[in-house]
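J.: Residue numbers in the sequence shown follow UniProt numbering, run continuously in steps of one, and reach 80 at the last position.
Ideal placement from N, C-alpha and C gives every residue a C-beta, glycine not left out.
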Amino acid sequence: MTRPVTLSEPHFSQHTLNKYASLMAQGNGYLGLRASHEEDYTRQTRGMYLAGLYHRAGKGEINELVNLPDILGMEIAING
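#1: Alpha carbon to alpha carbon, how far is Asn18 from Gly47?
#2: Let me make sure I understand the geometry here. Which of Glu38, Ile71, Ala77 and Gly60 has the alpha-carbon closest to that of Leu31?
#3: I think Ala35 touches Ala25, with their Cβ atoms under 8 Å apart; what is that distance to the nearest whole Å?
#4: Taking only runs of the beta strand (DSSP E) that begin and end inside the UniProt domain "Glycoside hydrolase family 65 N-terminal" (9-80), which ones reach a length of at least 3 residues, in chain order?
#5: Quick check: the Cα distance between Asn79 and Arg3, rounded to an integer number of angstroms?
#6: Just how far apart, CA to CA, sit Met74 and Met1?
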């Protein structure tokens with residue numbers, strides 16, 4: 001009999017925000033979204049990534065994924 005796997009954050013700590021954000025990320029093969037709290041914290045790094053979109057670094061440097069704009073903090077107002 002197999003046991004279900006549970007990933008949970010035992011207690012809140014600002015020092016482990018990015019660790020759990022990476023572990024609890026969601027993606028579908030094209031877009032990836034790091035988990036984040038609704039509230040803004042200074043140590044929190046939000047991220048949304050598109051597969052195949054890289055910053056091409058120069059010779060001897062590391063290529064990095066490009067962080068897309070934060071859609072969770074966006075407010076859209078229509079007619080006011």
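T.: According to the structure data:
#1: Approximately 10 Å, taken between the alpha carbons.
#2: Nearest option by C-alpha distance: Ile71.
#3: Confirmed, Cβ separation roughly 6 Å.
#4: Every beta strand (DSSP E) of 3 residues or more that sits fully in the UniProt domain "Glycoside hydrolase family 65 N-terminal" (9-80) is shown, in chain order, as 31-33 and 48-50.
#5: If I take the Cα positions, the gap works out to 52 Å.
#6: Taking C-alpha positions only, Met74 is separated from Met1 by approximately 45 Å.
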